[in-house]
Amino acid sequence: MSMPEREFAPGDGPAAKVSVSLRAGNIRAVRERVGARGFSAYVDAAVERQIERDLLEEALQANEASRPIPQSMRDEAAELFRQVKSAPELQEEDGWRAHEAG
């Protein structure tokens, strides 16, 4: 694996060729979406999004450790989410997924 000489933040720096193993179904799905030429850019963007999610999760855990969320607020949020998810306009044929994407 070729590594740059200096360190770069996620999303920065020159491209470097690496070898990764992916499941055949994921390879097929990416190729269907972007073709062979867009494969690396698609995977690179996916890796960057995952790093962002990991960092956000770490920040949320650190924040919660310093200021725990009361169980009553957790219960209230869970109930509100159930109510929103069961709203009549989300029960139509397109349902929840169409509203998530929008």
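Going by the UniProt record's numbering, the sequence shown opens with residue 1, and the numbers climb by one from there. Glycine residues also receive a C-beta, built at the ideal position from the N, C-alpha and C atoms. Note that the coordinates shown come from a computational prediction; the quantities given were computed from them, not determined experimentally.
Nearest residue (CA-CA) to residue i, options the options
i     : options                   : result
Val43 : Ser19, Leu56, Ala9, Glu89 : Ser19
Leu22 : Ala16, Ala46, Asp12, Arg6 : Ala46
Sub-8 Å separation of residue i and residue j beta-carbons
i           : j     : result
residue 103 : Glu48 : What the structure shows of the chain is the stretch from 1 to 102, and residue 103 is not part of that stretch, so it cannot be assessed.
residue 175 : Phe39 : For residue 175 there is no data in the structure shown, the boundaries of the chain being 1 and 102.
Residue i in three-state terms, based on DSSP
i     : result
Glu7  : coil
Gly13 : coil
Ser40 : helix
Ala62 : helix
Ser72 : helix
Val18 : coil
Residue i CB to nearest heavy atom of the ligand ADP below 7 Å
i     : result
Ser21 : This structure lacks the ligand ADP, and indeed carries no ligand of any kind.
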